[in-house]
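Written out below as C-alpha coordinates is the structure these notes cover.
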Amino acid sequence: MGVRAGVVVCVTSFLLGALFTHWIADSLTLWKSPVTDEHLWTAATYYSILARGPPQALWFLASVVVLGCITILWSLNDRKAGNIMFDGGSIFLFGTTIAMYIYSVLPSVLAKFNALPAHQLKDPFPRSLRLVTLELASNHLICSVALTGVLVLQAGRFWAENSDDTDDDVVVAGETEASHAKAHTATVQPKS
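Heads up, the sequence shown is in my numbering, so the first residue is 63 and it goes up one at a time.
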(Lines of atoms letter the chains of each structure in order from A and count residues from 1; the text may use other names and numbers.)
(Lines give C-alpha, C1' and ligand atoms only; values in the text may rest on other atoms or scores of the structure.)
Protein backbone atom coordinates (compact mmCIF):
# COMPACT_ATOMS: atom_id res chain seq x y z
CA MET A 1 0.00 0.00 0.00
CA GLY A 2 2.74 2.46 0.89
CA VAL A 3 4.49 2.73 -2.47
CA ARG A 4 1.27 2.80 -4.48
CA ALA A 5 -0.34 5.41 -2.25
CA GLY A 6 2.87 7.44 -2.34
CA VAL A 7 2.92 7.41 -6.13
CA VAL A 8 -0.76 8.39 -6.33
CA VAL A 9 -0.26 11.24 -3.86
CA CYS A 10 2.88 12.47 -5.64
CA VAL A 11 1.27 12.33 -9.09
CA THR A 12 -1.89 14.05 -7.85
CA SER A 13 0.14 16.71 -6.05
CA PHE A 14 2.22 17.31 -9.17
CA LEU A 15 -0.92 17.70 -11.29
CA LEU A 16 -2.42 20.06 -8.71
CA GLY A 17 0.76 22.11 -8.83
CA ALA A 18 0.55 22.23 -12.61
CA LEU A 19 -3.05 23.44 -12.35
CA PHE A 20 -2.12 26.03 -9.73
CA THR A 21 0.31 27.63 -12.19
CA HIS A 22 -2.77 28.61 -14.19
CA TRP A 23 -3.85 30.73 -11.23
CA ILE A 24 -2.01 33.62 -12.89
CA ALA A 25 -4.76 33.73 -15.49
CA ASP A 26 -7.66 32.09 -13.67
CA SER A 27 -7.65 34.39 -10.64
CA LEU A 28 -8.23 37.37 -12.91
CA THR A 29 -11.28 35.81 -14.55
CA LEU A 30 -12.84 33.93 -11.64
CA TRP A 31 -12.23 35.97 -8.52
CA LYS A 32 -11.82 39.60 -9.60
CA SER A 33 -15.05 41.44 -10.15
CA PRO A 34 -15.78 42.99 -12.57
CA VAL A 35 -13.89 41.03 -15.21
CA THR A 36 -12.24 43.67 -17.36
CA ASP A 37 -10.87 43.43 -20.88
CA GLU A 38 -7.39 43.87 -19.39
CA HIS A 39 -7.91 40.78 -17.19
CA LEU A 40 -9.16 38.78 -20.16
CA TRP A 41 -6.22 39.84 -22.35
CA THR A 42 -3.79 38.84 -19.61
CA ALA A 43 -5.44 35.42 -19.29
CA ALA A 44 -5.58 34.96 -23.06
CA THR A 45 -1.91 35.87 -23.39
CA TYR A 46 -1.02 33.30 -20.74
CA TYR A 47 -3.04 30.60 -22.52
CA SER A 48 -1.44 31.61 -25.81
CA ILE A 49 2.01 31.01 -24.31
CA LEU A 50 0.83 27.56 -23.20
CA ALA A 51 -0.63 26.74 -26.62
CA ARG A 52 2.64 27.62 -28.35
CA GLY A 53 4.76 25.75 -25.80
CA PRO A 54 6.88 22.73 -26.63
CA PRO A 55 4.91 19.53 -27.26
CA GLN A 56 7.32 17.66 -25.00
CA ALA A 57 5.69 19.38 -22.04
CA LEU A 58 2.34 17.83 -22.98
CA TRP A 59 3.94 14.42 -23.44
CA PHE A 60 5.58 14.66 -20.02
CA LEU A 61 2.26 15.66 -18.47
CA ALA A 62 0.55 12.75 -20.24
CA SER A 63 3.16 10.31 -18.91
CA VAL A 64 2.59 11.56 -15.36
CA VAL A 65 -1.17 11.10 -15.81
CA VAL A 66 -0.69 7.56 -17.16
CA LEU A 67 1.55 6.72 -14.19
CA GLY A 68 -1.19 7.92 -11.83
CA CYS A 69 -3.90 5.94 -13.64
CA ILE A 70 -1.87 2.72 -13.66
CA THR A 71 -1.04 3.07 -9.97
CA ILE A 72 -4.65 3.67 -8.90
CA LEU A 73 -5.92 0.81 -11.06
CA TRP A 74 -3.16 -1.45 -9.74
CA SER A 75 -4.29 -0.91 -6.16
CA LEU A 76 -7.77 -2.14 -7.10
CA ASN A 77 -6.16 -5.52 -7.75
CA ASP A 78 -6.07 -6.17 -3.97
CA ARG A 79 -9.88 -6.54 -4.03
CA LYS A 80 -10.27 -5.28 -0.47
CA ALA A 81 -13.36 -3.28 0.44
CA GLY A 82 -11.28 -0.28 1.48
CA ASN A 83 -9.43 -0.26 -1.83
CA ILE A 84 -12.64 -0.48 -3.82
CA MET A 85 -14.25 2.34 -1.87
CA PHE A 86 -11.35 4.78 -1.61
CA ASP A 87 -9.60 3.92 -4.87
CA GLY A 88 -12.89 3.67 -6.75
CA GLY A 89 -13.68 7.23 -5.71
CA SER A 90 -10.15 8.28 -6.59
CA ILE A 91 -10.46 6.71 -10.03
CA PHE A 92 -13.75 8.50 -10.61
CA LEU A 93 -12.31 11.89 -9.64
CA PHE A 94 -9.03 11.30 -11.49
CA GLY A 95 -10.97 10.15 -14.56
CA THR A 96 -13.24 13.19 -14.37
CA THR A 97 -10.20 15.44 -14.37
CA ILE A 98 -8.64 13.61 -17.32
CA ALA A 99 -11.89 13.67 -19.32
CA MET A 100 -12.41 17.38 -18.67
CA TYR A 101 -8.85 18.15 -19.67
CA ILE A 102 -8.90 16.03 -22.82
CA TYR A 103 -12.36 17.00 -24.07
CA SER A 104 -12.60 20.61 -22.94
CA VAL A 105 -9.40 22.30 -21.78
CA LEU A 106 -6.83 21.09 -24.32
CA PRO A 107 -9.03 21.58 -27.40
CA SER A 108 -9.95 25.09 -26.25
CA VAL A 109 -6.36 26.11 -25.54
CA LEU A 110 -4.94 24.60 -28.72
CA ALA A 111 -7.71 25.80 -31.05
CA LYS A 112 -8.53 29.26 -29.72
CA PHE A 113 -5.29 30.53 -28.22
CA ASN A 114 -2.69 29.32 -30.71
CA ALA A 115 -2.66 32.74 -32.36
CA LEU A 116 -4.09 35.83 -30.69
CA PRO A 117 -4.95 38.95 -32.69
CA ALA A 118 -2.58 41.87 -32.27
CA HIS A 119 -3.76 43.93 -29.32
CA GLN A 120 -3.00 46.31 -26.50
CA LEU A 121 -4.14 45.59 -22.95
CA LYS A 122 -6.79 48.32 -23.14
CA ASP A 123 -8.29 47.07 -26.44
CA PRO A 124 -11.76 45.51 -26.32
CA PHE A 125 -11.58 41.77 -25.84
CA PRO A 126 -13.10 39.68 -28.68
CA ARG A 127 -16.48 38.17 -27.82
CA SER A 128 -15.49 34.86 -29.42
CA LEU A 129 -12.72 34.42 -26.85
CA ARG A 130 -14.54 35.77 -23.80
CA LEU A 131 -16.66 32.70 -23.07
CA VAL A 132 -13.78 30.31 -23.84
CA THR A 133 -11.46 32.16 -21.44
CA LEU A 134 -14.03 32.10 -18.64
CA GLU A 135 -14.78 28.41 -19.26
CA LEU A 136 -11.10 27.53 -19.07
CA ALA A 137 -10.82 29.13 -15.65
CA SER A 138 -13.92 27.26 -14.46
CA ASN A 139 -12.63 23.97 -15.85
CA HIS A 140 -9.29 24.45 -14.10
CA LEU A 141 -11.14 25.05 -10.84
CA ILE A 142 -13.22 21.88 -11.30
CA CYS A 143 -10.09 19.85 -12.04
CA SER A 144 -8.36 21.27 -8.96
CA VAL A 145 -11.29 20.37 -6.72
CA ALA A 146 -11.45 16.85 -8.18
CA LEU A 147 -7.72 16.29 -7.64
CA THR A 148 -8.02 17.62 -4.10
CA GLY A 149 -10.74 15.00 -3.62
CA VAL A 150 -8.28 12.30 -4.74
CA LEU A 151 -5.85 13.48 -2.06
CA VAL A 152 -8.62 13.48 0.57
CA LEU A 153 -9.68 9.95 -0.40
CA GLN A 154 -6.11 8.69 -0.25
CA ALA A 155 -5.67 10.30 3.18
CA GLY A 156 -8.95 8.68 4.27
CA ARG A 157 -7.73 5.32 3.05
CA PHE A 158 -4.47 5.73 4.98
CA TRP A 159 -6.35 6.72 8.13
CA ALA A 160 -8.80 3.81 7.80
CA GLU A 161 -6.01 1.28 7.30
CA ASN A 162 -4.04 2.64 10.26
CA SER A 163 -7.20 2.65 12.37
CA ASP A 164 -7.77 -1.02 11.49
CA ASP A 165 -4.17 -1.85 12.43
CA THR A 166 -4.55 -0.03 15.77
CA ASP A 167 -7.79 -1.90 16.51
CA ASP A 168 -6.05 -5.21 15.76
CA ASP A 169 -3.20 -4.29 18.11
CA VAL A 170 -5.66 -3.48 20.90
CA VAL A 171 -7.47 -6.80 20.42
CA VAL A 172 -4.18 -8.74 20.44
CA ALA A 173 -2.99 -6.86 23.53
CA GLY A 174 -6.32 -7.53 25.26
CA GLU A 175 -6.11 -11.23 24.44
CA THR A 176 -2.53 -11.36 25.75
CA GLU A 177 -3.51 -9.68 29.03
CA ALA A 178 -6.46 -12.05 29.43
CA SER A 179 -4.28 -15.12 28.85
CA HIS A 180 -1.70 -13.82 31.39
CA ALA A 181 -4.42 -13.22 33.95
CA LYS A 182 -5.85 -16.69 33.34
CA ALA A 183 -2.41 -18.29 33.72
CA HIS A 184 -1.75 -16.34 36.91
CA THR A 185 -5.04 -17.42 38.53
CA ALA A 186 -4.39 -21.01 37.51
CA THR A 187 -1.03 -21.08 39.30
CA VAL A 188 -2.10 -19.17 42.42
CA GLN A 189 -5.35 -20.94 43.17
CA PRO A 190 -5.92 -21.37 46.91
CA LYS A 191 -5.94 -24.90 48.23
CA SER A 192 -9.05 -26.02 50.00
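We treat Cβ as the ideally placed atom computed from N, Cα and C, and that holds for glycine.
CA-to-CA distance, residue j to residue i, given in whole angstroms
{"i": "Thr91", "j": "Ser225", "result": "43 angstroms"}
{"i": "Gln118", "j": "Ser125", "result": "10 angstroms"}
{"i": "Tyr163", "j": "Lys174", "result": "15 angstroms"}
{"i": "Ser110", "j": "Ser95", "result": "23 angstroms"}
{"i": "Asp140", "j": "Leu102", "result": "48 angstroms"}
{"i": "Pro186", "j": "Phe82", "result": "27 angstroms"}
{"i": "Leu198", "j": "Tyr108", "result": "12 angstroms"}
{"i": "Phe220", "j": "Ala80", "result": "25 angstroms"}
{"i": "Val214", "j": "His181", "result": "43 angstroms"}
{"i": "Val127", "j": "Asp99", "result": "34 angstroms"}
Integer-rounded CB distance, given that residue j should sit under 8 angstroms from residue i
{"i": "Val194", "j": "Ser170", "result": "5 angstroms"}
{"i": "Ala87", "j": "Thr104", "result": "7 angstroms"}
Under the three-state DSSP convention, the category residue i falls into
{"i": "His181", "result": "coil"}
{"i": "Thr195", "result": "helix"}
{"i": "Lys174", "result": "helix"}
{"i": "Trp85", "result": "helix"}
{"i": "Phe187", "result": "coil"}
{"i": "Trp221", "result": "helix"}
Query raised in the report: Are there three or more Cβ pairs, one per stretch, closer than 8 angstroms when the region 198-208 is compared with the region 124-135?
Result: no
**Report entry** 3 or more residues per run - each beta strand (DSSP E) lying fully within the region 96-145
**Finding:** none
Query raised in the report: Between the region 177-192 and the region 148-165, are three or more C-beta pairs nearer than 8 angstroms?
Result: no
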